[in-house]
Amino acid sequence: MKFHRCHPHRLVLNPIPIFQTKPKHLYCTSAIQDNDVKDSQFIATLRNIVRGKESWKIAFNDPFISTKLKPHHVEKVLLLTLDDTRLALRFFNFLGLHKNFNHSTMSFCILIHALVNANLFWPASSLLQTLLLRGGLDPREVFEALLDCFEKCDFISSLGFDLLIQSYVQEKRMFDSVLIFRLMRQCELMPQVRTLGEVLNGLAKIRRVDMVLVLFGEILSMGIKPDIYIYVAVIRSFCELKNFAKAKEMIQRMESSDLNVVVYNVLIHGLCKNKRVWEAVEIKNGLIQKGLTASEVTYCTLVLGLCKVQEFEVGAGVMDEMIDLGFVPTEAALSSLVEGLRRKGKVVDAFDLVNRVKKVGAMPSLFVYNALINSLCKDGKFDEAELLFKEMGEKGLCANDVTYSILIDSFCRRGKLDAAIHFLGKMIMAGIKITVYPYNSLINGHCKLGNLSAAVSFFDEMIDKGLKPTVVSYTSLISGYCNKGKLHEAFRLVCEAKTFIDDLHREHFKLNEMCYSALLHGYCKEGRLRDALGVCREMVKRGVDMDLVCYAVLIDGTIKQQDTSAVFGLLKNMHDQRMRPDKVIYTSMIDGYSKAGSVKKAFGIWDIMIDEGCTPNTVTYTTLINELCKAGLMDKAELIWKEMLVSNSTPNHITYCCFLDHLAREGSMEKAVQLHNDMLKGLLANTVSYNILVRGFCKLGRVEEATKLLDEMIDNAIFPDCITYSTIIYQCCRRGELGKAFELRDDMIRRGVKPNQATHKALSHGASRKFSISTHPVMPEN
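Under UniProt numbering, the residues of the sequence shown are numbered 1 to 782, in order.
Below, the structure is given as structure tokens:
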């Protein structure tokens, strides 16, 4: 295609939309000049119709007009109507809409340039979009048509070319927009700086940062002064290339002119994206010295960056500062921070943050609510979780399948299966898509309570609804059967599901190690090691590898059988499979040998564990300390305790209770109370630790001190249980203080603690003993 070359003198810099309407336009057309008098008369007739008061619809229905009308006639009429561009546009649209007239490309170009010159940019842009949608036009052809019209008709403003570039940018045809820019440059036509900024930012968005930097060089060579939007694209490109020195250099180049917070936000985003968050924080802190104020974008970018490097507490501080300034955090920033705090166990901080955000008018998203409800359920704060669920409804935020699944699972874990089933019903009534997860929770919940028939019923219902069971579904049922001692039924479940499981295999889904480990655990629990090994063979047949959990179960079962050679055989198998025992396996072995009374063997495993470079954890240390305390080997227990502290393993409440229990059994109650006070300071005291003290005081007959502990427990927000009350009641009955025993029973019921069989037996025995003494008094000897 022969490309129309421009005249070298045609240079338009930052054109002002000025428009001339004098007759020098009147005889320009893409068609050959028609000097025929009749044609001129026809065009004059058309012009009179367009400018007259006669109905266009009636006029153009005339066969004389409709049959003779050609595109070049329309072009000439448009040129004759340039003094009233709105009228020209109406005429153009009338022919297209009512007469289905096929306008020429030249007609489009005449009207686009005319509208731009009249500052009617929106209709000009719309017309250009229509031209591009006609299809079959190469970007070069469109440019040549616009250029041909521009030169022949002497339009002054070149903004029509800017509109063409912007149209390609909007359509994400970035390479076409670059082509038009370069064609304009060849023809000595200068796009507006704003248009160039759109091109560069569009290229940056599709990560063609190489082209951004090349075009930036071309822009500078043309003597164009870049504006802030061009600099933003260039800075973003340098950040994408991780060349932050160059990005900062660009900002320094700007600091004497149109500098604002936007460019710093781009740099901060780039630094945060590359985990250089502390540099980003320093830049934000230095904005004040430059006379700039951090924006909402600045703060939200920093919060997201801090979350990315797990600095959630610092992120919360940044968001607090943001809220104090009246900025509302974005959903992404709030969700990321709440989720991070939740995962770190800082649920209270997450709640405080959400409450603060609500005060500045932000509405936490469904994701935030689900995260908080999940955390509350995991922390056992079920009432608060349910209140949050109600709050969602009050604020018009509809719960989804995730919300319901979390709550149903929490009810099942607490044994509140009726409530769980009720919520499943609400979920169905609300039209929320049912997934496998609430069914898995219900199956697992019923299995834990031993109600296997109900569990199987939900399993069947799940399949009837077209939901595919997962490994969790099978594991729950198999574990349920194993816990009830119905190992035959557990294995039969796997066998009966063989066809279904084979179908899952074909879909690359199979029962995993968890499912088989439940069977292994069941067989090992009953000492049926031969059957357990049979399950191992079934695993191999199914292509399921033995994992650390499976080996841990087998090793634990073998230790209980006191088969040392078999234990080391299993360890050798692990070694052959390039698997190393982990802390759980070593701890299990230490625990097994300790409980079997083989403390020496337990320490032997301890030595192997250390030699293998496997660091003991809190559970490992606590297991050894517990057995040493029970054996009365307190010197060794204290040595292990000291080693534990040196290794930075934090003692937990169970570790403390090992020593506490020993002191209470030995009658050293003053030392026991002192140790328990340390537990209170460390927030490690609980009902179990208080029960140990109560038992110790009661054993020594110091019932008054034991009773005082009840009030102390309440003051420390620790609630007595049935064991606490029953221990004191039993001792009161032994001493004949039946009235006090019944008072404690009443207090127990008032606090919502249900008396158990031991409580009733103690009271019954105490009452019968008192009746026997009062009926048959012992006579004093003479």
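Using N, Cα and C, we set each Cβ at its ideal position, and we do this for glycine too.
Considering only P139, E218 and G480, the residue with the shortest C-alpha distance to I180 is P139. Between D582 and C614, the CB-CB gap stays under 8 Å.
Excluding residues up to 5 positions away in sequence, S726, I729, Y730, C733 and A741 lie with their Cβ nearer than 8 Å to the Cβ of A762 in the same chain.
Going by beta carbons, T298 and N265 fall inside the 8 Å limit. For R665, the enclosing alpha helix (DSSP H) has its first and last residue at H653 to E666. About 6 Å separates the CB atoms of F382 and S410; that is less than 8 Å, so the two are in contact.
With a cut-off of 8 Å on Cβ pairs, the stretch 662–669 is not in contact with the stretch 640–654, counting fewer than three such pairs. DSSP places C629 in the uninterrupted alpha helix (DSSP H) bounded by T618 to K630. With contacts defined as CB atoms closer than 8 Å, C272 and G305 qualify as a contacting pair.
DSSP places C109 in the uninterrupted alpha helix (DSSP H) bounded by T105 to N117. For G592 against D556, the beta-carbon gap comes to about 6 Å, under 8 Å, which counts as contact. When rounded, the separation of the alpha-carbon atoms in L372 and D401 is 15 Å. By the CB criterion at 8 Å, M211 and L220 fall outside the cutoff. The continuous alpha helix (DSSP H) containing P438 extends over residues V436 to K448. In this structure, M106 places its C-beta atom within 8 Å of the C-beta atom of C149. Pairing L89 with L69 gives a Cβ-Cβ distance that is not under 8 Å. Residue burial annotation: S764 is exposed, with fewer than 16 other C-beta atoms found within 10 angstroms of its C-beta. Looking at the DSSP output, L97 bridges to nothing. For S177, the closest alpha carbon among the candidates E198, K378, I110 and L477 is that of E198. Just so you know, the alpha carbons of P226 and G217 end up roughly 11 Å apart. Apart from sequence neighbours up to five positions away, no residue of its chain approaches R276 with a beta-carbon distance below 6 Å. Contact between the stretch 654–661 and the stretch 672–685 is established, with three or more Cβ pairs separated by less than 8 Å. For the pair L633 and D611, the Cα-to-Cα distance works out to about 24 Å. Here DSSP, grouped into helix, strand and coil, assigns A294 to coil. Around the beta carbon of Q192, 16 or more other beta carbons lie within 10 angstroms, which makes this residue buried.
Under the three-state reduction of DSSP, L684 is assigned to coil, being neither helix nor strand. For V263, the enclosing alpha helix (DSSP H) has its first and last residue at V261 to K273.
Assignment of G592 by DSSP, reduced to helix, strand and coil, places it in the helix class. Taken through DSSP and simplified to helix, strand or coil, A399 comes out as coil. Here G466 carries a coil assignment [DSSP, helix/strand/coil]. In the DSSP assignment, N716 falls outside any alpha helix (DSSP H), carrying neither H nor E. Burial check for G480: the Cβ neighbour count within 10 Å reaches 16 or more, so the residue is buried.
Counting the other CB atoms within 10 Å of its CB gives W606 a total of 16 or more, which places it among the buried residues.
By the neighbour-count criterion, in which 16 or more other beta carbons inside 10 Å mark a residue as buried, R86 falls on the exposed side.
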